[in-house]
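Below: one structure, written as structure tokens.
Rendered as structure tokens:
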């Protein structure tokens with residue numbers, strides 16, 4: 001006779017009939033219950049087990065446990081070992097996030113390789129509730145409150161409407177064995193606190209709390225979809241994709257009273273974190289920019305331009321506009337008007353502000369570049385000769401930037417100033433340009 | 001010396017300088033603290049006090065308490081008494097909702113009359129948190145979680161960033177007196193449970209919980225605005241207003257995977273509750289409809305038409321289409337094919353399905369309407385004569401509907417069938433039309 005769970009799975013996911021299903025099984029209560037349920041249903045199933053190698057021998061114990069169960073029950077078994085710690089360090093992720101990334105990318109790979117249709121995981125209602133409360137205590141947005149959906153793409157979570165209590169009862173009634181996971185004690189502590197101290201109060205206030213909560217989450221998921229709709233529709237009005245760049249029309253954007261919400265929505269995935277700086281760009285000076293690890297957002301007149309840094313670094317020229325005081329890319333320069341010259345290292349130059357012409361140009365050196373080194377009475381010199389005299393390595397040469405006014409070199413940055421722009425007794429305004 | 005509160009108010013709401021401000025003061029801790037704070041600031045203030053008459057003498061005691069404080073401090077004082085219970089009954093509202101409606105409509109009226117600029121209320125951070133949790137326990141959508149905003153329109157809530165604890169401390173330090181409200185014990189019980197049992201656990205998990213929570217609410221408010229943006233943009237694509245009606249283009253609507261969310265968003269304010277019936281209309285039979293107290297949503301071919309019932313009842317004719325089996329408006333009829341005639345009251349007629357022509361028309365009677373009453377061997381009779389014979393009152397006459405096929409009367413509904421459409425020995429299909 002079928003249990004509630006099985007009836008639910010068969011009726012709710014009728015499209016699974018005749019499909020080939022992977023089950024993600026850690027060996028814990030929830031996934032062993034799921035496996036026990038599914039093996040009685042007329043699906044073709046296989047088990048996937050990830051060994052994240054976070055608990056030494058215990059991890060291998062789990063793997064063996066699931067493997068034995070599968071071989072006793074004639075269920076195909078796939079496993080893999082991850083170096084989760086190293087991956088997390090390499091990509092600067094939390095262990096939890098790293099484990100999730102590794103797990104799902106392996107799942108999708110196997111789906112393709114083995115020609116399976118779906119992956120079932122054992123998430124249940126209390127998982128969603130606990131995640132909701134954890135995110136709430138930390139401060140979160142809508143996406144932190146919507147919970148894991150019953151299905152996204154190829155992943156299906158058939159136990160999501162059921163509570164931990166119901167699953168435990170099923171496991172006990174069917175004498176299912178499982179392994180307790182000793183890992184992640186602090187996370188467990190937090191979840192236990194929520195489970196034993198907080199949720200009972202919520203259930204005291206409303207005995208049907210878990211049902212009400214599931215309704216809440218489904219309403220929030222609907223709202224989340226509408227937020228995404230709005231984000232896409234406004235994007236289509238405001239943004240234009242040009243090659244690898246995205247241009248945001250500020251005249252359009254400013255018409256929206258809540259444009260900050262949209263910028264956040266669009267730019268979040270590009271790894272930006274300095275949100276206030278980004279919002280300031282909208283009404284800020286042309287030429288200002290904000291960087292993430294891999295992207296640049298530049299204010300250029302009435303446009304915000306998003307570009308991959310990998311693309312920018314191939315560009316040969318960068319403009320520095322008249323009112324710019326801080327340049328952050330491709331190198332950090334500060335420009336300011338000063339009253340007099342101070343003795344500085346070769347990290348700064350002082351130029352006659354009236355002799356230069358904006359926009360100044362920053363570019364890599366070319367064979368044939370010639371300038372008039374400071375202190376050489378106006379004699380010219382090849383930049384390549386300067387590099388040779390200074391004994392620069394090939395890499396050092398490639399890293400060197402040239403600052404130009406019109407087509408004349410003002411500064412071989414960090415090495416030598418040009419004579420033609422220097423301060424003399426006719427100078428009215430002194431501009432200091434400093435390498436940060 | 002100014003308190004934190006006052007600094008916050010002055011800096012955050014700098015646009016209030018020189019404005020005339022109403023303060024909503026119940027006499028409780030929060031509003032008396034707000035009053036004490038504001039009277040030291042250089043604003044022109046006046047106090048508004050609502051007497052909801054829900055606690056007999058105690059209500060008048062509150063009124064007197066606030067009034068005395070104002071006269072001692074030379075603060076203009078306005079008050080009004082509401083018959084809240086009667087209003088709630090008349091409009092089928094909860095006491096709480098009724099009180100809120102009465103209160104804010106009086107506030108806005110006075111703003112205009114007295115030429116004031118803003119109304120300040122004493123809501124604080126814990127109010128928002130408790131409302132969030134109450135709504136969460138009951139099941140809610142995004143709007144139940146966003147909280148009261150710091151400002152909407154003319155209403156400003158300057159204490160919203162502060163906790164009850166901080167306000168209490170201020171009141172004690174400044175020896176402020178206030179009245180305890182004995183009302184709404186069950187609501188108080190619930191709020192106390194949240195305050196004393198639940199919130200401490202959240203603060204144990206994160207000592208900065210209240211700050212994190214305020215951030216959460218501001219993110220949710222942003223999401224809520226984006227939901228409204230999406231709702232408006234999609235509405236513009238799908239809906240067309242024609243007179244008092246709104247036409248929703250189903251071909252457009254069906255393209256949206258989440259069209260149900262949008263229908264809910266648009267129709268919620270029209271008092272509909274039968275959401276599944278509404279969603280079924282989208283792919284249902286033409287002619288089907290769903291009613292709210294004051295509106296009708298009709299599926300008409302590839303359009304959903306929203307109309308006020310007040311407008312519909314002035315229409316003279318209603319069509320009944322060939323495949324319609326249930327008519328819900330302007331009266332309830334059921335149409336079905338039957339195998340034979342049964343003896344019925346005058347609430348049902350049996351007609352030869354091949355003699356009638358769809359769409360049938362339901363309309364009120366006109367002077368001069370003539371029909372051929374059943375059983376009178378084809379003789380004709382004025383409908384007005386039938387009314388007279390049946391001794392119908394004026395009101396009963398006005399309530400009577402006439403069912404017609406082409407321009408011929410099939411049934412004076414509930415009174416007498418027409419001879420011309422009756423069953424005879426040539427009849428192949430029998431249609432039963434029954435008043436429900």
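Residue numbers (the UniProt record's numbering), protein chains in the order written: chain A, 1 to 436; chain B, 1 to 436. Glycine included, each C-beta is placed from N, C-alpha and C at the ideal position.
Cross-chain neighbours of residue i in chain A, by beta carbon under 8 Å
i	result
residue 226 (chain B)	226, 227, 230, 231, 258, 261, 262 and 265
residue 206 (chain B)	137 and 138
residue 193 (chain B)	201, 204 and 205
residue 223 (chain B)	141, 142, 223, 224, 227 and 261
residue 209 (chain B)	137
residue 190 (chain B)	205
residue 279 (chain B)	Near residue 279 (chain B) there are no residues of chain A at all, since even the closest Cβ is about 12 Å away, more than 8 Å.
Chain B contact residues for residue i, given Cβ-Cβ distances below 7 Å
i	result
residue 215 (chain A)	139
residue 38 (chain A)	Within chain B, no residue comes near residue 38 (chain A); the closest Cβ sits about 28 Å away, beyond 7 Å.
residue 235 (chain A)	Ordered by position in chain B, no residue passes the 7 Å Cβ test against residue 235 (chain A), which lies about 12 Å from the chain.
Cut-off 6 Å between Cβ atoms - residues of its own chain near residue i, not counting five sequence neighbours on either side
i	result
residue 209 (chain A)	202 and 203
residue 121 (chain B)	24 and 157
residue 382 (chain A)	370
residue 249 (chain B)	238
residue 127 (chain B)	none
residue 27 (chain B)	62, 65, 66 and 179
Enclosing alpha helix (DSSP H) for residue i [first to last residue]
i	result
residue 44 (chain B)	Where residue 44 (chain B) is concerned, there is no enclosing alpha helix (DSSP H), although the beta strand (DSSP E) it sits in stretches over 44-51.
residue 216 (chain B)	209-238
residue 245 (chain B)	Element bounds for residue 245 (chain B): not the alpha helix (DSSP H) but the beta strand (DSSP E), 245-249.
residue 437 (chain A)	The shown model of chain A, from 1 to 436, leaves out residue 437 (chain A), and the question about it has no answer.
residue 200 (chain B)	199-205
residue 410 (chain B)	Run containing residue 410 (chain B): none in the alpha helix (DSSP H); it sits in the beta strand (DSSP E), 408-412.
Among the options, nearest to residue i - alpha-carbon criterion
i	options	result
residue 85 (chain A)	A:114, A:254, A:51 and A:45	A:51
residue 92 (chain A)	A:423, A:293 and A:416	A:293
residue 149 (chain B)	B:370, B:79, B:215 and B:338	B:215
residue 254 (chain A)	A:242, A:73 and A:281	A:281
residue 403 (chain A)	A:332, A:426 and A:429	A:332
residue 33 (chain A)	A:103, A:153 and A:170	A:170
residue 9 (chain A)	A:26, A:27 and A:35	A:35
residue 58 (chain B)	B:103, B:68 and B:181	B:181
residue 456 (chain A)	B:48, B:256, B:230 and B:274	In the structure as shown, chain A begins at 1 and stops at 436. Residue 456 (chain A) is therefore absent and cannot be evaluated.
residue 147 (chain B)	B:154, B:136, B:132 and B:155	B:132
residue 434 (chain A)	A:428, A:413 and A:426	A:413
residue 136 (chain B)	A:75, A:291, A:277 and A:211	A:211
residue 19 (chain A)	A:43, A:3 and A:30	A:43
residue 439 (chain A)	A:124, A:419 and A:63	Residue coverage of chain A in this structure runs from 1 to 436, which leaves residue 439 (chain A) outside it and unanswerable.
residue 192 (chain B)	B:130, B:251 and B:243	B:130
residue 144 (chain B)	A:197, A:213 and A:161	A:213
residue 309 (chain B)	B:199, B:301 and B:318	B:318
Same chain, Cβ closer than 7 Å to residue i, five either side skipped, listed in chain order
i	result
residue 235 (chain A)	266
residue 13 (chain B)	156 and 158
residue 346 (chain A)	414 and 415
residue 419 (chain A)	372, 373, 374, 376 and 378
Extent of the continuous beta strand (DSSP E) to which residue i belongs
i	result
residue 319 (chain B)	317-320
residue 77 (chain B)	77-81
residue 24 (chain A)	20-24
residue 334 (chain A)	333-338
Cβ-based neighbour list, residue i, same chain, cut-off 8 Å, excluding 5 preceding and 5 following
i	result
residue 6 (chain A)	37, 40 and 41
residue 1 (chain A)	Unreliable placement is indicated for residue 1 (chain A), whose pLDDT of 46 sits below 50; the coordinate value is still reported in the next sentence. Cβ within range, chain order: n/a, list empty.
residue 54 (chain B)	84, 85, 95, 99 and 183
Listed by chain order, chain B residues near residue i by CB distance under 9 Å
i	result
residue 88 (chain A)	Residues of chain B passing the Cβ test: none, with the nearest at roughly 24 Å.
residue 348 (chain A)	Ordered by position in chain B, no residue passes the 9 Å Cβ test against residue 348 (chain A), which lies about 39 Å from the chain.
Interface residues of chain A facing residue i [CB-CB closer than 9 Å]
i	result
residue 212 (chain B)	136, 137, 138, 139 and 140
residue 69 (chain B)	What residue 69 (chain B) touches in chain A: nothing, since even the nearest Cβ is about 36 Å away.
Within chain A, the residues that residue i reaches when beta carbons sit closer than 7 Å
i	result
residue 197 (chain B)	201
TODO: Taking 8 Å as the threshold, find out whether the segment 378-394 of chain A comes into contact with the segment 351-360 of chain A through three or more Cβ pairs.
DONE: Taking 8 Å as the limit for Cβ pairs, the verdict is that the segment 351-360 of chain A does not touch the segment 378-394 of chain A.
Task: Validate contact between the segment 256-265 of chain B and the segment 221-241 of chain A using beta carbons, cut 8 Å, 3 pairs - done: Touching, yes.
Task: Validate contact between the segment 371-378 of chain A and the segment 324-339 of chain A using beta carbons, cut 8 Å, 3 pairs - done: Because the criterion of three Cβ pairs below 8 Å is not met, the segment 371-378 of chain A and the segment 324-339 of chain A do not touch.
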